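Heads up: the structure comes next, in structure tokens.
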Amino acid sequence: MGRQLNKLTALKVKNLKFEDSSSNKHTDGAGLYLYAHKNGSKYWRMDYTSPITGKRNTLALGVYPTITLEAARKRRDEIRQQIANNIDPSEMREQAKQQAKVNAKNSFQNIAEQWLELRKHEGKKDSENIRRLEKDIYPFIGDIPVNQLTTALLENEVIHRIVERGALELARKVSISIKMILEYARKKKLILINPANDITQPRPIQSNFAAITESHDLKPLLRSVWDESNTRVTFVTRCAIKISIFIFLRPGEIRTLKWSDYNQEKKTLTIQPSKQRRAE
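Each residue of the sequence shown is one higher than the one before, starting from 0 at the first, in numbering that gives the first Met the number 0.
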């Protein structure tokens, strides 16, 4: 006849107290027991025989009532299944701890900090990179080990969030920062491939805007164009708008400008009639 399981009850567990004349080891069966300490705490423990070494070991399963009787029994059954599969739960727990340490050491943020430190010694300035990392990258992937990052994860957790704000130029710069950091990780042999190489940035939704017809509406536009912190405007677009403000060309004419149209000595820009017709 097998050993009796589930000897304890929820009420008995709740009312158990430390006794000087007792071992204070209250067995539930199959190695699981609750130990009542003189400090008033109650600890779940499980004795088992290692399938690897054949030695008796004890596992700590947590403190009551944080770990209920039902939860302790569930954990006991999981441990018994591990033993049946020739797995030592103590060794498995230790391996998990070591893996957690490795993951923390190789988290994206930790690797990024190493990369920044290396660049600092090389005399490179990274204030912009640091700002992007702290605001748009670390909060979403900072704790993830670099070997667990995928292209889809980078796009969904970082790039798409920025694109949804309309900050397309910032999204491009963030992609570059991530790519450089993960390339550093690849060279350190922490990853085999750089998932940032395949990042695809979604195209913005095209929409038309009404022309400015009132003078008081022009001032906010000009401020926005000259505001370098406004990442919703790309560098090329910013330059094109600035040119149009000074010389009042159509967008099509600006797009087709060539250096040969500009006479540096005379400081003149010549727009050919044929070009105007093509632009129209």
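Ideal Cβ placement from N, Cα and C applies to all residues, glycine included. Keep in mind the model is a prediction, meaning the values are calculated, not measured.
query = In the structure shown, what three-state DSSP assignment does leucine 60 receive?
reply = Assignment of leucine 60 by DSSP, reduced to helix, strand and coil, places it in the strand class.
request  = Counting only the same chain and skipping the five closest in sequence on each side, list residues whose C-beta sits under 8 Å from that of isoleucine 253.
outcome  = So the qualifying residues of the chain are Ala239, Ile242 and Ser243.
task = Identify, in the order they occur along the chain, each residue of the same chain with its Cβ nearer than 8 Å to the Cβ of valine 62, setting aside the five sequence neighbours on each side.
result = Ser40, Lys41, Tyr42 and Trp43.
query = Less than 8 Å separating the beta-carbons of asparagine 105 and proline 144?
reply = It is a contact, given that the beta carbons lie within the stated cut-off.
request  = Have a look at glutamine 113 and aspartate 135 and give me their C-alpha separation to the nearest angstrom.
outcome  = Rounded to whole angstroms, glutamine 113 to aspartate 135 spans 18 Å at the Cα level.
request  = Indicate the three-state DSSP secondary structure (helix, strand or coil) for threonine 8 in the structure shown.
outcome  = Here threonine 8 sits in coil by DSSP.
query = Mind pulling the beta strand (DSSP E) runs of 3 or more residues that sit fully within the region 40 to 104?
reply = As far as the region 40 to 104 is concerned, its whole beta strand (DSSP E) runs of at least 3 residues are 41 to 48 and 55 to 63.
query = What separation, rounded to the nearest whole angstrom, lies between the Cα atoms of alanine 35 and lysine 100?
reply = The alpha-carbon atoms of alanine 35 and lysine 100 are separated by roughly 32 Å.
query = Hey, is the region 79 to 92 in contact with the region 126 to 133, meaning 3+ C-beta pairs nearer than 8 Å?
reply = With a cut-off of 8 Å, the region 126 to 133 and the region 79 to 92 do not count as touching, because too few Cβ pairs lie within range.
request  = Would you identify the three-state DSSP class for alanine 170, choosing helix, strand or coil?
outcome  = Alanine 170 sits in a helix when the DSSP states are folded into three classes.
task = Kindly identify the DSSP beta-bridge partner or partners of arginine 24.
result = Note on residue identity: the sequence assigns lysine, not arginine, to residue 24. Note: lysine 24 sits in a beta bridge opposite Tyr34.
inquiry  = Measuring straight from C-alpha to C-alpha, what distance separates histidine 159 and phenylalanine 234?
reply    = If you take the alpha carbons of histidine 159 and phenylalanine 234, they lie about 20 Å apart.
message = On the CB-based measure, 16 or more other CB atoms within 10 Å of its CB, does glycine 53 come out buried or exposed?
response = Per the 10 Å Cβ criterion, exposed.
task = Output the distance between the C-alpha atoms of asparagine 23 and alanine 59, rounded to the nearest integer angstrom.
result = Their backbone Cα atoms lie some 16 Å apart in a straight line.
query = leucine 268 bridges to which residues according to DSSP?
reply = For leucine 268, the pairing in a beta bridge is given by DSSP as Tyr261.
message = Helix, strand or coil for serine 214? Go by DSSP, reduced to three states.
response = Here serine 214 sits in helix by DSSP.
task = Indicate the three-state DSSP secondary structure (helix, strand or coil) for serine 281 in the structure shown.
result = In the structure as shown, the chain begins at 0 and stops at 279. Residue 281 is therefore absent and cannot be evaluated.
key: contact_flag[the region 146 to 157, the region 168 to 188] where n(CB pairs < 8 Å) is 3 or more   = Yes: at least three Cβ pairs fall under 8 Å.
ask   = Taking the C-alpha atoms as reference points, what is the distance between lysine 188 and asparagine 84?
value = CA-CA distance, lysine 188 to asparagine 84, rounds to 33 Å.
query = Roughly how many angstroms lie between the CA atoms of phenylalanine 245 and glutamate 168, to the nearest whole one?
reply = Those two C-alpha atoms are separated by around 24 Å.
inquiry  = Looking only at its chain, what residues have a beta carbon closer than 6 Å to the beta carbon of tyrosine 183, apart from the 5 residues adjacent to it on each side?
reply    = Trp114, listed in sequence order.
key: Burial state of glycine 30 (16 or more Cβ within 10 Å)   = It is buried - the Cβ of glycine 30 has at least 16 other Cβ atoms within 10 Å.
task = Taking all protein chains shown into account, decide if alanine 95 is buried (16 or more other Cβ within 10 angstroms of its Cβ) or exposed.
result = By the neighbour-count definition (other C-beta atoms within 10 Å, threshold 16), alanine 95 is an exposed residue.
key: Cβ-based neighbour list, glutamine 108, same chain, cut-off 6 Å, excluding 5 preceding and 5 following   = Contacts found: Tyr137 and Gly141.
inquiry  = Could you pull the DSSP bridge partners for proline 280 from this structure?
reply    = Given a span of 0 to 279 for the chain in the structure shown, any question on residue 280 remains unanswerable.
inquiry  = Tell me the DSSP secondary structure of alanine 29 in three-state form.
reply    = The answer is coil: DSSP assigns alanine 29 none of H, G, I, E or B.
query = Alpha carbon to alpha carbon, what distance is there between lysine 6 and asparagine 38?
reply = About 24 Å.
inquiry  = Can you tell me whether aspartate 125 is helix, strand or coil according to DSSP?
reply    = In the three-state scheme derived from DSSP, where H, G and I count as helix and E and B as strand, aspartate 125 is classed as coil.
query = Which residues in the same chain have their Cβ closer than 7 Å to the Cβ of arginine 118, if we skip the five residues on either side of it in sequence?
reply = Taken in chain order, the residues that qualify are Asp125.
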